[in-house]
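Colleague: Starting off with a structure, shown below.
Number of protein chains: 2
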Amino acid sequence: MTNDSYSSKIDIRARERALKILYEKFYDVLKDVSEGRPPKLVIKKRTLGNTIYDAERKLLLLGDATFERSLLDLREARKFMQTLLMAGIIYEALSNGEYPTIRDLYYRGKHTIRYRKLPTKSIGEENTWEEQAESDSVLRDIEVFSNVLREEMLILSKEKGKVVGDLKIRSGDDIIDLSKMGHGAYSIEPTPDLIDFVEVNAELVLVIEKDAVFQQLHRIGFWKKYRAILITSAGQPDRATRRFVRRLNEELGLPVYVISDSDPYGYYIYSVFKTGSITLSYESERLATPHARFLGVMMTDIFGSTKLGKKPYLTEEERRNFIIRAKERDIKRARELKEYPWFKSERWQIELNEFLDRKVKLEIEALAGKGLKFLADKYVPEKIEVGDWIE
Amino acid sequence: MTNDSYSSKIDIRARERALKILYEKFYDVLKDVSEGRPPKLVIKKRTLGNTIYDAERKLLLLGDATFERSLLDLREARKFMQTLLMAGIIYEALSNGEYPTIRDLYYRGKHTIRYRKLPTKSIGEENTWEEQAESDSVLRDIEVFSNVLREEMLILSKEKGKVVGDLKIRSGDDIIDLSKMGHGAYSIEPTPDLIDFVEVNAELVLVIEKDAVFQQLHRIGFWKKYRAILITSAGQPDRATRRFVRRLNEELGLPVYVISDSDPYGYYIYSVFKTGSITLSYESERLATPHARFLGVMMTDIFGSTKLGKKPYLTEEERRNFIIRAKERDIKRARELKEYPWFKSERWQIELNEFLDRKVKLEIEALAGKGLKFLADKYVPEKIEVGDWIE
Chain A
1 MTNDSYSSKI DIRARERALK ILYEKFYDVL KDVSEGRPPK LVIKKRTLGN TIYDAERKLL
61 LLGDATFERS LLDLREARKF MQTLLMAGII YEALSNGEYP TIRDLYYRGK HTIRYRKLPT
121 KSIGEENTWE EQAESDSVLR DIEVFSNVLR EEMLILSKEK GKVVGDLKIR SGDDIIDLSK
181 MGHGAYSIEP TPDLIDFVEV NAELVLVIEK DAVFQQLHRI GFWKKYRAIL ITSAGQPDRA
241 TRRFVRRLNE ELGLPVYVIS DSDPYGYYIY SVFKTGSITL SYESERLATP HARFLGVMMT
301 DIFGSTKLGK KPYLTEEERR NFIIRAKERD IKRARELKEY PWFKSERWQI ELNEFLDRKV
361 KLEIEALAGK GLKFLADKYV PEKIEVGDWI E
Chain B
392 MTNDSYSSKI DIRARERALK ILYEKFYDVL KDVSEGRPPK LVIKKRTLGN TIYDAERKLL
452 LLGDATFERS LLDLREARKF MQTLLMAGII YEALSNGEYP TIRDLYYRGK HTIRYRKLPT
512 KSIGEENTWE EQAESDSVLR DIEVFSNVLR EEMLILSKEK GKVVGDLKIR SGDDIIDLSK
572 MGHGAYSIEP TPDLIDFVEV NAELVLVIEK DAVFQQLHRI GFWKKYRAIL ITSAGQPDRA
632 TRRFVRRLNE ELGLPVYVIS DSDPYGYYIY SVFKTGSITL SYESERLATP HARFLGVMMT
692 DIFGSTKLGK KPYLTEEERR NFIIRAKERD IKRARELKEY PWFKSERWQI ELNEFLDRKV
752 KLEIEALAGK GLKFLADKYV PEKIEVGDWI E
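If you're matching them up, the sequences are chains A and B in order.
Under the working numbering, the residues of the first sequence are numbered 1 to 391, in order.
Under the working numbering, the residues of the second sequence are numbered 392 to 782, in order.
Following this line, the structure appears as structure tokens:
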């Protein structure tokens, strides 16, 4: 296969851009070496201590603290070499028109270095890296250092996100009409920044945590009737799904509503869409959707709330049949959530306290079990209409 | 939403068909009741003892042993009631134009029955079912009894399978060109029997276990160059992906090649495509692809084989960097596989013995790590050309 013969024009442009930035960013290191100076990299710290919740922008962001990674510092020499090794592998893959994954980057770089120990001159052996956790961490350093996300370096990954709706996009060399997917759906590409929005005819975005419920709402025609773009993250959202949702909100101005199970894991899935994830805060700037709204399922949807003047959506009998007792780890997780700054709003504290008082949870499927038409034609549209979401 | 206003014509027809069959199948039970006879159901046993490997057809199938489920047999009364309850829920869902999932069928049927105990006349309580495992098992009985798969009853589920390639299909009311998916892919619908193949321009089907490797081969244009339909099961294949692959093989006459990790779990994924799964043997007749070929990754691809006159695809250094030591559970699983009738062929025994001798495994990603072009332009096409697969 000759280079690029089958790559889309968009990929070729993206590749050239990434090559250029990587070259510029690492040029100083090469210059240091060639001019006999001890080479070093200055990188923002990705520690919890340097992860800051920006209450105004409603984002988890990296702070300004940096560290120096120097070849001639014994504690840092290994990491320094790993960083240059990884940068070299990515540069080579881009030059060759390849599309590595984080798993195969690990394999590409994995080998044993033999060296002569001083002063005995015996032979020592050291692996470039042992586990993928190590190579992944190095890749994150490169993302932070170069300010280029791995997707922009055409590093691919497993993708779970799906979408249907009245939206035409350009991806690769094709124009795709997401309203013409039949009973299936469009599986979002790993590099959603390379998508162009060509034509949109929708009023809102509805993100469903569970793939099976997405299938149900799709099949019943929910997105046609309510002019929605329907998305599923199929559980914990991956980076591509988050970026795609953010772009729909930011560039098309569409309000984003998220529906998850009513338990701390569901609430956290929403917060990953909205605020970002704690471990990968450097991506939030691009991946988070600060205006995403939590539509449900809320504890106050299940039990109602005199404080909020809300009637419950479930009868007492339905509650008896549908709710599940919370496990110890659910309760522990809810207590953690209560302490996160982005769950400190009065509205979230009501939900979390209700959860901790009742110690029960509810799956979205229970609402579909009450009737798909209840879910599609009452619960979702009514809550949107009266504004019963958490911002 | 009025009935069917947004359902595709195909769904409306499928619904009518399922309603008719269910009605006919359960009619005798209703007749028994109305004419004062003790009602009963005769259902094929889904036990391991009644699961037979048909060596000629190369399929795991249900045998002919049946059991009677009778209302007036105390041991069976609960199951009998559950079966009628589930059939009723499905019938009602179909009549209402709904699309239940197995999870919400569980919720739809879950409630507590209060009854008066004899002889004390105190009040007893019994739940229709406790866990989803119970309602799922009842659903399987209905599939076996009515000879209608749950997909034909428009029961939906989470779907992981994706496809790209030069193939036009009709799904719902749309015609979809699977060669125009850009960098994304088409996510297969939960009801693949409702798909029509409109136009095909391909010579083979390549099924990749790992979603990320599928993304890589797609992006590098593998399917264009080799006229392939490229599919991923994203791990253990779901029913829809298996049925879709089977239809490509049976109806379009395309050879099917499967690539998985080289370890017992990977080999078993292939065998689920080919032979069916042990726990759900009643589906094999429709879902399995007996002619599916295991292309790799084989132990003999890694180490070569003097017996087979094969050279290894990896150098000694690559083996050192790429192979992973097998865990105790891998070895245990390989020993189980060796005893399954459908792994008893001489060719499979060579692979399994090699695995048990070496006690190492290899991921597909390691081959992509050796170079995506190696995987796409040498390994896969060369093995297909020389016929180095296991039937």
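Just so you know, even glycine gets a beta-carbon here, dropped at the ideal spot from N, CA and C.
Because the structure is a prediction, the values reported are computed rather than measured.
(1) In the DSSP output, which residue or residues are listed as bridge partners for D445 (chain B)?
(2) Would you say M1 (chain A) lies against chain B (beta-carbon separation less than 7 Å)?
(3) Check E411 (chain B) in the structure and name its three-state DSSP category.
(4) May I ask you to report which of helix, strand or coil DSSP gives T2 (chain A)?
(5) Beta-carbon of D386 (chain B) versus every beta-carbon of chain A: anything under 7 Å?
(6) Please go through the same chain and pick out, in chain order, the residues whose beta-carbon is closer than 8 Å to the beta-carbon of D557 (chain B), but skip the five residues on each side of it.
(7) Taking CB distances under 7 Å as the criterion, tell me whether T492 (chain B) reaches chain A.
(8) DSSP on I123 (chain A), reduced to helix/strand/coil?
(9) In terms of DSSP beta bridges, what is S187 (chain A) paired with?
(10) In the DSSP output, what is K752 (chain B) paired with across the bridge?
(11) Below 8 Å on C-beta distance, what does K158 (chain A) contact in chain B?
(12) Can you tell me where the alpha helix (DSSP H) with F273 (chain A) in it begins and where it stops?
(13) Within the continuous beta strand (DSSP E) that includes G687 (chain B), where are the two ends?
(14) Which residue marks the beginning of the alpha helix (DSSP H) containing K224 (chain A), and which one marks its end?
(15) Within 7 Å (strictly less), CB to CB, does H218 (chain A) reach chain B?
(16) Let me see if you follow: with CB-CB separation under 7 Å, is N201 (chain A) close to chain B or not?
(17) Cβ closer than 7 Å: which chain A residues qualify as neighbours of S528 (chain B)?
(18) Which of the residues in the stretch 258-273 of chain A, read from start to end, lie with their CB under 7 Å from any CB of chain B?
(19) Give the straight-line distance between the Cα atoms of T47 (chain A) and I90 (chain A), rounded to the nearest whole angstrom.
(20) Note down the Cα distance separating M392 (chain B) from A234 (chain A), rounded to an integer number of angstroms.
(21) Roughly how many angstroms separate the alpha carbons of Y397 (chain B) and G182 (chain A), rounded to a whole number?
(22) What do you get for N147 (chain A), buried or exposed, if any count of 16 or more other CB atoms within 10 angstroms of its CB means buried?
(23) Is the beta carbon of L295 (chain A) less than 7 Å from the beta carbon of I259 (chain A)?
(24) By the DSSP assignment, the alpha helix (DSSP H) with R638 (chain B) in it spans what residues?
(25) Going by other Cβ atoms of all chains shown within 10 Å of its Cβ, with 16 needed for buried, is K9 (chain A) buried or exposed?
(26) Please list the partners that I231 (chain A) has in chain B, where partner means a Cβ-to-Cβ separation under 7 Å.
(27) Is the shortest distance between the beta-carbon of P786 (chain B) and the beta-carbons of chain A less than 7 Å?
(28) Would A757 (chain B) count as contacting chain A if we go by Cβ distances under 7 Å?
(29) Are the CB atoms of V287 (chain A) and L254 (chain A) nearer to each other than 7 Å?
(30) Please decide whether D588 (chain B) counts as near chain A, where near means a Cβ-Cβ distance under 7 Å.
(31) Does the distance from the CB of G427 (chain B) to the CB of I443 (chain B) come in under 7 Å?
(32) Please return the same chain residues whose Cβ sits closer than 6 Å to the Cβ of N518 (chain B), not counting the five positions on each side in sequence.
(33) Where does E68 (chain A) fall in DSSP's three states?
(34) So, using beta-carbon positions, are G161 (chain A) and A240 (chain A) closer together than 7 Å?
(35) Within 7 Å of any Cβ in chain B, is that where the Cβ of L295 (chain A) sits?
Modeller: Working from what's here:
(1) The sequence position of residue 445 (chain B) within the second sequence is 54, counting from 1. Answer by DSSP bridge pairing, in chain order: B:L450.
(2) As a first step, residue 1 (chain A) must be located in the first sequence, where it is residue number 1. Any answer about M1 (chain A) is weak, because its pLDDT of 39 lies below 50 and its placement is not dependable; what the coordinates show is given next. Yes, its Cβ sits closer than 7 Å to a Cβ of chain B.
(3) As a working note, residue 411 (chain B) is residue 20 in the second sequence. The residue asked about is misnamed: residue 411 (chain B) is Lys in this sequence, not Glu. Helix at K411 (chain B).
(4) Counting from one through the first sequence, the residue named residue 2 (chain A) turns up at place 2. Caution applies to T2 (chain A), whose pLDDT of 42 falls short of 50 and renders its modelled position unreliable; the model cannot decide the point.
(5) One cannot answer for residue 386 (chain B) here, as it falls past the ends of chain B, which runs 392 to 782.
(6) Position 166 of the second sequence, counted from the first residue, corresponds to residue 557 (chain B). So the list reads L569, S570, V591, N592, A593, W614, K615, R618 and I620, once near-sequence residues are dropped.
(7) Start at 1 with the first residue of the second sequence, and residue 492 (chain B) comes out as number 101. Taking Cβ atoms only, chain A reaches closer than 7 Å to T492 (chain B), which makes this a yes.
(8) As a first step, residue 123 (chain A) is located in the first sequence; it is residue number 123 there, counting from the start. Three-state DSSP puts I123 (chain A) in a strand.
(9) By one-based count along the first sequence, residue 187 (chain A) stands at place 187. Beta-bridge pairing links S187 (chain A) to A:K162 and B:A576.
(10) Mapped onto the second sequence, residue 752 (chain B) falls at position 361. B:I715.
(11) If you number the first sequence from 1, residue 158 (chain A) lands on position 158. Chain B residues near K158 (chain A): K601, D602, A603, Q606 and A625.
(12) Counted from its first residue, the first sequence places residue 273 (chain A) at position 273. From DSSP, the alpha helix (DSSP H) with F273 (chain A) extends over P264 to K274.
(13) Locating residue 687 (chain B) in the second sequence gives position 296, where the first residue counts as 1. Looking at the DSSP string, the run of the beta strand (DSSP E) that includes G687 (chain B) is R684 to G687.
(14) Here residue 224 (chain A) refers to the residue found at position 224 when the first sequence is read from its first residue. Where K224 (chain A) is concerned, the enclosing alpha helix (DSSP H) stretches over F222 to K225.
(15) Taking the first residue of the first sequence as position 1, residue 218 (chain A) is located at position 218. H218 (chain A) does not count as touching chain B.
(16) What you label residue 201 (chain A) is simply residue 201 of the first sequence in a count that begins at 1. Judged by the 7 Å Cβ criterion, N201 (chain A) is not in contact with chain B.
(17) In the second sequence, the residue the question calls residue 528 (chain B) occupies position 137. Going along chain A, no residue has its Cβ under 7 Å from S528 (chain B), so there is no contact; the nearest lies around 18 Å.
(18) none
(19) The residue you call residue 47 (chain A) lines up with position 47 of the first sequence. The residue you call residue 90 (chain A) lines up with position 90 of the first sequence. Each residue's Cα considered, the two are about 24 Å apart.
(20) One-based indexing of the second sequence puts residue 392 (chain B) at position 1. One-based indexing of the first sequence puts residue 234 (chain A) at position 234. Here M392 (chain B) scores only 39 on pLDDT, less than 50, and its place in the model is too uncertain to base an answer on.
(21) The sequence position of residue 397 (chain B) within the second sequence is 6, counting from 1. The sequence position of residue 182 (chain A) within the first sequence is 182, counting from 1. The alpha-carbon atoms of Y397 (chain B) and G182 (chain A) are separated by roughly 12 Å.
(22) For the purposes of this step, residue 147 (chain A) is taken as the residue at position 147 of the first sequence. Exposed.
(23) Mapped onto the first sequence, residue 295 (chain A) falls at position 295. Mapped onto the first sequence, residue 259 (chain A) falls at position 259. Result yes, Cβ atoms of L295 (chain A) and I259 (chain A) sit closer than 7 Å.
(24) In the second sequence, counting from the first residue as 1, residue 638 (chain B) sits at position 247. R630 to L643 is the extent of the alpha helix (DSSP H) around R638 (chain B).
(25) As a first step, residue 9 (chain A) must be located in the first sequence, where it is residue number 9. So K9 (chain A) counts as exposed.
(26) In the first sequence, the residue the question calls residue 231 (chain A) occupies position 231. Under the 7 Å cutoff, chain B gives no residues; its nearest Cβ is about 12 Å from I231 (chain A).
(27) Any question about residue 786 (chain B) goes unanswered here, given that chain B covers just 392 to 782.
(28) Mapped onto the second sequence, residue 757 (chain B) falls at position 366. For A757 (chain B), the answer is yes, since a Cβ of chain A falls inside 7 Å of its Cβ.
(29) In the first sequence, counting from the first residue as 1, residue 287 (chain A) sits at position 287. In the first sequence, counting from the first residue as 1, residue 254 (chain A) sits at position 254. Sequence check: residue 287 (chain A) is Leu here, not Val. Cβ atoms of L287 (chain A) and L254 (chain A): not closer than 7 Å.
(30) Position 197 of the second sequence, counted from the first residue, corresponds to residue 588 (chain B). It should be pointed out that residue 588 (chain B) corresponds to Phe in this sequence rather than to Asp. No - not a single Cβ of chain A is within 7 Å of the one on F588 (chain B).
(31) Taking the first residue of the second sequence as position 1, residue 427 (chain B) is located at position 36. Taking the first residue of the second sequence as position 1, residue 443 (chain B) is located at position 52. Their beta carbons are not under 7 Å apart, which means G427 (chain B) does not touch I443 (chain B) by this criterion.
(32) Counting from 1 along the second sequence, the entry for residue 518 (chain B) is found at position 127. Result list for N518 (chain B): T503, in chain order.
(33) Looking up residue 68 (chain A) in the first sequence gives position 68. Here E68 (chain A) sits in strand by DSSP.
(34) Residue 161 (chain A) sits at position 161 when you count from the first residue of the first sequence. Residue 240 (chain A) sits at position 240 when you count from the first residue of the first sequence. Yes, the Cβ-Cβ distance between G161 (chain A) and A240 (chain A) is below 7 Å.
(35) On the first sequence, residue 295 (chain A) is found 295 positions in, with the first residue counted as 1. Answer no: the Cβ-Cβ gap between L295 (chain A) and chain B never drops below 7 Å.
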